[in-house]
Structures are given as C-alpha cells and as structure tokens.
Amino acid sequence: MAYFFQLVFAGVAVGCIYALIGLGFAIIFKASEVINFAQGELLLVGAYIISAGVFEWHLGFFLSLLLGVIVTVAIGLLFERFILRRMIGRPVFSILMITIGLDIVLRTGVILRWGSDPVPPGTPFQITSGFNFGGVHFGANDVWTIIVTVVLCAALFYFFRFTKYGLAMRATALDQEAALVMGININTVYALAWGIAAAIATIGGVFLAAKSIAFDTTLGGTALLAFPAIILGGIDSVSGAVVGGIIIGLAEVITAGYESRFASILGTGVHEITPYLIMILVLLIRPYGIFGTRKVERV
Amino acid sequence: MSSQQAKKNIPVSADPPRLLGTAASRVVFIISLMAIIVFFLVAGEDWLTIINYTLIAAIAALALNVLSGYTGQVSLGLSFFMAIGAYTAAVLGGTPPTSSLDPIGLNLSFFIWLPAAGIAAALVGALVGPTALRVKGFYLGIVTLALVFIGQYIFLNARGLTGGPQGRTFPVPVFGTFSFDQQNMLFGFILTPGQQYFLLLLVILGLAALFVGNVMRSRAGRAFQAVRDNETGAAIMGINLFEAKMGAFILSSFLAGIAGALFASYTRYVVPYTWDLTLSIQFVAAIIVGGVASIWGSILGAAFVFALPRIIEQFSLLPSSSASSGVSSGDVNALIYGLLIVIFLLFEPGGVIALVRRSRLLTRTTRTPEEEGGDVVETINLPASNVHVEPSVDSSVPTTGEPS
C-alpha cells in the first residue's frame, strides 16, 4: 500500500508541473484564443538559463531564477508584440504553426548556445533530500512543487478575482469588443497573459528539471503532456488546468508504477501514452473538458 | 488562407485549363525536362541522394497539402501515416525472416507492396478519421499529435512487424531481374541505384501531382476547399462536411503511406523513432514555405525544407558549428526551417509559389484590372486559391482524363 501512496504522491507532484504549464496555455488561450505550442520551450529556455546562472555564472539560485523569469517573460512579450499581433485574424493553422516556429527556434537556439549534452539543473534542493512518513518518501523537490503550485494558484485566483487587471483580463476573455469599449487596453491584457504564462512556465521548468540529476533539450517535449491536461480540464479554464494536470500526472505515474506487471500484454512505455488515450476519450465524450465552456464546435 | 489569396480577382475561363495549353507552359516544360535530363546525366550520387529525398518529401508534402492546405484541417500526424505505409511495405515486400527474432517479411512484388502501403494508410485514416474529425482547429492539431505518440508506442512494441527499437530493413523495388539495390543496364546505359530511384520517384511524384491537381478541380476537391473557406457556407451549399473532411483525410493518408513506403525503401533501414513529431512538423514547414493549397508549392516547399539545408551543408556555406559541444548540422537545419516558418507566415503567407506568381504577373503584358485588395468583399468566400492556382500550373490536365 505504501507503494501506491508513493505513486500517488509522485503523481500529484508531476501533475502540479503539468498544471503550471497548463495554466500558461489556459491563460493565453483565454486572453487571445491562441494555443502556444512554444510553452514547453519557454520552460526549456528558463531551465537552461537558471542552470547556466547557477553553474556557469555563479549567481546563486534565486538571482538565476529571477534572470530566467525575466528572459522568458521578455521572449513571451516580444513574440506577442512583434509576431503574434501581426497574425490576428489569420487562420488557426497559421497561428498554430507560427508558435511551432518559435518552438523550433527556441529549442535550436538553446542547442546552439549550450549544446545537446545534458546539463545539471539549477535547484535549491538536493535530489536526495526529503523526509519519510508512513513508508512514503516525500522528496523536497516534489513537496515544494506542490506547495508552490498551490501558492501560485491562490495568487492567480486573487489576481483574477480582486485586482483591476485581473478583472480586465476576465472581461477581455468574455467579450473582447465590449471590453475594448469599456476602455480596457487589450494590448496590456495580451502582454499580461503572455508575461504570466512565461513566468509560470519557467517556475514549472525549475521543478521539472530538478526531478533528475541532469536534463537536456527533450525537457521541452514533456510540456506536450500539458495538452491532455488542459483538454481534460477545459482549454479555457484556469481551474480546469490544475485539476486536469493532477489527474493526468496521477494517471501517468500510476500506470508507470504498475505497467511492468502487465508488460507481457502492454509492452513497454504505455505510461507515455496514457495521457493521450485519456485525452482522446475526453474529446469523444466531452470535448469542452470538465470545466470548459461548451463552445468547442464539432462537425 | 482564402482572404489573403482572394485579393486577385482573375477571371475564370469557361474551358478547363489544358495540360501544357499555352506556349509559355510548353517552353517551361521543355526547359525543365532538359534540366532534369542534364541533372540525371551529370549528377553524382550525393546530389542524387539529396534530390531523391526531396522528391519523396514532395509526395508527403502533397499529402499534407491535401488535408491542411486544400481542406484547412490542421494535422501534425503525417509521420504516423507515413509509418503505417512504410511498415505495410516492409511486411509485404520484406525478406522472409531467417530466425524467430527477425520481423516478418512476405517478399511480395513491388507492384503489391507500394499500392498496399497507400491503401493500408488510407484504411487507418478511415478508421481514425471519424474520431479525430469530431474536433477541429487547435483540437485536431492536438489529437493528431497524440496519434504520433501513440504510433511510436505501437511501433516500438510491435517487434514482429517493425523490429522494435532496433528497427528493420525495408524492401527495394524489384522489376523482374531489375533490382534497385544494384547497378542495372537500361537501353545500354548503366544506371546506379540513385539514378533508378530518381526516375521512379519522378514518375510517382508526377502521377501524385496530376492526381491531386485533378481531384482539386473535381466536385470533391471543390467541396474540400469550400469546407476550408467557410464551413457554414459549405454546409448551406449542400456539402456534407463530414464526408468532405473524411475524403481529404483518407486521400492525404493514402499519399502519406506511399511517401512513407518510398522513404523507408530508399533509406533501407529505419528505426521507429524516425516517425516522430519533428518529421511531421518538417512537412508542415514545407507546405508553409512552399505554398499552402498549391501543387508546385508542395514541391518547392519540400525543396526548401529538405534540400536547401543539405545543399548548404554540402558546400559548407555555414561555418561548421563546433562539433565538440554536440551541435549537429540537423540543429542548424532545424533553426533554418524554424525561422523560415516564422518569416513566411509573417511576410508571405502564400509561400514561395506566391512570390513566383507575383513575379509572373509583373512580366505579363496584358492584364485585366488588378486592384490589390479591391474586390475582397466580393470574392472572399470563393475557393480563391483554386481560381488562380490551376491556370498557371503546368501539371493541370483536362478534367476528362481524371484517374480515380
């Protein structure tokens, strides 16, 4: 039973990372109806800068974190302002592809700068640190992932519910033209959405990278697993991203924990596709997700 | 794409454009034929390799253009359908296993395994389509992305068919005693394997281009483009949206299967990791750079994305990145096509083919009034690309000779 609880804990921790990435997707989608395929590579750039900050430039973790957040937010803002804004009104296909273009450029940029060999993650925790309780090992990184996710969600909730700009963002998501008429600066809203998404992605990247002793550029691909999470939760729902992320994280880790017992039937690597299988099931039954608004059109 | 392309309001003639109908197109045809012959005679194996991969990529880009360009459905799943085609070819045409560890091979003829590769991919497309096409836009993109990952899991585990993570060999085309893995005599010429593939691929690409060009001028093809331009409008005109999308999905899968089989056959040995998301994205890059909803665009795009980086590499125009830090030329290529995607989407959404067309308009002497953006309202919902794609495309043929 301790094994099961260990898996549940690990699943929730992984799910929180998906939730952080998914939050970025959801916030950008809510504001501008764009799915940012480059979210994972923003995370990657953040993780590499923090790693370089700690081990190459010896800045210390928190200064490196600040630097990483600043750089990714800057990339997000510049991309939104100078590229995506020129694409308004263009077909979905084009917008999707231009974010994939950014994704490729960021990833190869990282490879050209740092090479494709694994680098150590910049993290304030030792990979072995943590405590045991009831036979379950609570790793420091995983515990902090959960805590930071909860704090960030609370902060975002407060921001969206009680601040002027949060209200402006919700109003824009609801009805862009009406918001414009009410004197809301849509440009600020878009910039805010991209800035928040990039910053959260970088924080997610710190925890994701710190799960192992070294990481390389495949880290960005992990962010693709946030897609099943947001589809499950509802693509335009911020709380849905969190719930979806945790469910997907649990499903993935629990499958990974038990798949070896069924290896003769399932083969290897089935945990890598369980999130996608769940997503396809959700799309068939409830394409707008658990918390999403019912406007996803079907044929 | 229509709103950008609808700007040019070119009158449509009542007669369907004929294959090589104008003097200019005949001249272009003869010049390109001569260029092909000269290339064929003088090119070394390294050049032939580049061009052969480009020809295969052009078939795959054509497949993607049917679905994404002409029908407007986002797809990141092309590599999955290419893999289905490749493994069908391998199972049907591969060498019979010598030990129980070898993957299956039935050693059937090229004339069975190549069409079967397309048909198998089309069948899988027909199976997956009803599920995938329930959603659209970004959602379809994500579903097709999931398809790639699920496919990789299947290919890695189905050892009997794919050889598992170690990969497997793929059959070469064999015509009687004329096997493509060795030099052969044809009309007194000695042909290298590269030259043999070049001829075969050229024929298959030509057939595929003619076929797609014809389909797009048929009732079904018009329906595809109507669905792309305005789904509601298309439905009102009596087009069954589901049927049109399924048709495009199946046709696209068929061509992708053929391309996959040829790719694997030319490479000879392929591991399942080949059929990944990056491969799919390269084809999306190809149609964006070359030209969405255009046959010549698919071919040019394949050349830009698949041949240009290799040519640059060949002549080492780029300073060779320090290999010690683990930077491969593949990374430089990725940077090039990543930038190409962004640049073309921003500044020339019609792709290279739009540049070609515009330069052609500049050289033309007599023109009908050509107000840029003048009649947008009037033509906005026409399947505009088609109105002016076909008359300028050399490969267009009379509708009577339509294979299907």
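Respectively, the protein sequence lines represent chains A and B. Just so we're aligned: the first sequence equals residues 1 to 299 in this note's numbering. Just so we're aligned: the second sequence equals residues 1001 to 1404 in this note's numbering. Beta carbons are placed, not taken as given, at the ideal position from N, Cα and C, and that holds for glycine.
Note the first and the last residue of the continuous beta strand (DSSP E) segment covering residue i.
i	result
Met1185 of chain B	1184-1186
Residue i: which of the options sits nearest, CA to CA?
i	options	result
Gly1247 of chain B	B:Ala1063, B:Phe1178, B:Ala1302, B:Ile1312	B:Ala1063
Ala1286 of chain B	B:Met1185, B:Ala1083, B:Tyr1337, B:Thr1144	B:Tyr1337
Leu1199 of chain B	B:Leu1251, B:Phe1149, B:Ala1302, B:Leu1262	B:Leu1262
Ser1265 of chain B	B:Tyr1139, B:Met1034, B:Ala1090, B:Arg1026	B:Ala1090
Gly1297 of chain B	B:Ser1218, B:Arg1268, B:Glu1348	B:Glu1348
Lys1245 of chain B	B:Ala1259, B:Asp1229, B:Gly1257	B:Asp1229
Ala198 of chain A	A:Gly245, A:Ile280, A:Leu77, A:Lys211	A:Leu77
Val148 of chain A	A:Thr255, A:Ile290, A:Leu42, A:Val206	A:Val206
Val136 of chain A	A:Trp194, A:Arg90, A:Tyr3, A:Ala52	A:Tyr3
Pro1173 of chain B	B:Leu1201, B:Ile1341, B:Pro1272	B:Leu1201
Leu1106 of chain B	B:Leu1114, B:Thr1095, B:Ile1150, B:Pro1309	B:Thr1095
Ile1258 of chain B	B:Pro1115, B:Phe1138, B:Ala1126, B:Leu1123	B:Pro1115
Glu272 of chain A	A:Ile290, A:Tyr288, A:Ile248	A:Ile248
Gly166 of chain A	A:Phe138, A:Ile184, A:Glu177, A:Val151	A:Ile184
Gln6 of chain A	A:Phe29, A:Tyr258, A:Pro275	A:Tyr258
Phe1111 of chain B	B:Pro1171, B:Leu1241, B:Leu1346, B:Ile1250	B:Pro1171
Val1342 of chain B	A:Met97, A:Leu42, A:Leu67, A:Arg81	A:Met97
Ala1060 of chain B	B:Val1352, B:Leu1251, B:Arg1134, B:Val1332	B:Leu1251
Ile104 of chain A	B:Arg1219, B:Met1185, B:Leu1279, B:Val1352	B:Leu1279
Can you tell me whether DSSP reads residue i as helix, strand or coil?
i	result
Val1270 of chain B	strand
Ile290 of chain A	coil
Thr1232 of chain B	helix
Leu59 of chain A	coil
Thr1071 of chain B	coil
Leu1308 of chain B	helix
Asn132 of chain A	strand
Phe1189 of chain B	strand
Ser239 of chain A	helix
Ile1218 of chain B	Note on identity: in this sequence residue 1218 of chain B is Ser, with Ile being the wrong assignment. The answer is coil: DSSP assigns Ser1218 of chain B none of H, G, I, E or B.
Phe1211 of chain B	helix
Phe1344 of chain B	helix
Phe1180 of chain B	coil
If the cut is a Cβ gap below 7 Å, which residues of chain B does residue i touch?
i	result
Gly267 of chain A	Asn1157
Val92 of chain A	Val1074, Gly1137, Phe1138
Ile35 of chain A	Phe1138
I'd like the span of the alpha helix (DSSP H) that includes residue i, first residue to last.
i	result
Asn991 of chain B	Residue coverage of chain B in this structure runs from 1001 to 1404, which leaves residue 991 of chain B outside it and unanswerable.
Ile100 of chain A	92-114
Pro1171 of chain B	Neither: Pro1171 of chain B is in no alpha helix (DSSP H) and is coded neither H nor E.
Met279 of chain A	274-285
Arg261 of chain A	No alpha helix (DSSP H) holds Arg261 of chain A; DSSP gives it neither H nor E.
Ser1025 of chain B	1023-1042
Ala229 of chain A	226-233
Thr1162 of chain B	1159-1162
Using the beta-carbon of each residue, which ones in chain B are nearer than 9 Å to residue i?
i	result
Pro287 of chain A	Arg1134, Val1135, Tyr1139
Phe227 of chain A	Ile1142, Leu1145, Ala1146
Leu44 of chain A	Correct list: empty, because the minimum Cβ distance to chain B is about 14 Å.
Listing by chain order, which chain A residues have their CB less than 7 Å from the CB of residue i?
i	result
Val1143 of chain B	Ile280, Leu283
Phe1149 of chain B	Glu272, Ile273, Tyr276
Ile1288 of chain B	Met97
Tyr1269 of chain B	Per Cβ cutoff of 7 Å: no residues; Tyr1269 of chain B is ~22 Å from chain A at best.
Beta carbon of residue i: closer than 6 Å to some heavy atom of the ligand GTP?
i	result
Ala1302 of chain B	Questions concerning the ligand GTP fall outside what the structure shown contains, since it holds no ligand whatsoever.
Residue i touches chain A at which residues, Cβ-Cβ below 8 Å?
i	result
Ile1250 of chain B	Going along chain A, no residue has its Cβ under 8 Å from Ile1250 of chain B, so there is no contact; the nearest lies around 15 Å.
Thr1232 of chain B	The contacting residues do not exist; Thr1232 of chain B stays about 10 Å from chain A at best.
Pro1349 of chain B	Arg90, Ser94
Val1342 of chain B	Ile83, Ile98, Gly101, Leu102, Val105
Ser1068 of chain B	Phe93
Which chain A residues sit within Cβ distance under 9 Å of residue i?
i	result
Ala1334 of chain B	Ile104, Val105, Arg107, Thr108, Ile111
Using a cut-off of 8 Å between C-beta atoms, extract the partners of residue i located in chain B.
i	result
Val270 of chain A	Tyr1153
Arg86 of chain A	Leu1346
Ile21 of chain A	Neighbours of Ile21 of chain A on chain B: none; closest Cβ ~14 Å, over 8 Å.
Ile231 of chain A	Tyr1139, Ile1142
Unbroken stretches of the alpha helix (DSSP H), 4 residues or longer, contained in the region 1089-1155 of chain B: The region 1089-1155 of chain B contains these whole alpha helix (DSSP H) runs: 1110-1132.
My parser needs the beta strand (DSSP E) runs of 3 or more residues fully inside the region 136-222 of chain A; what are they? 136-139
Alpha helix (DSSP H) runs contained entirely in the region 1-81 of chain A, provided each spans 4 or more residues: The region 1-81 of chain A contains, as complete alpha helix (DSSP H) runs of 4+ residues, the segments 2-32, 39-55 (chain order).
Along the chain, which unbroken stretches of the alpha helix (DSSP H) at least 4 residues long are found entirely within the region 1246-1302 of chain B? 1277-1290, 1295-1302
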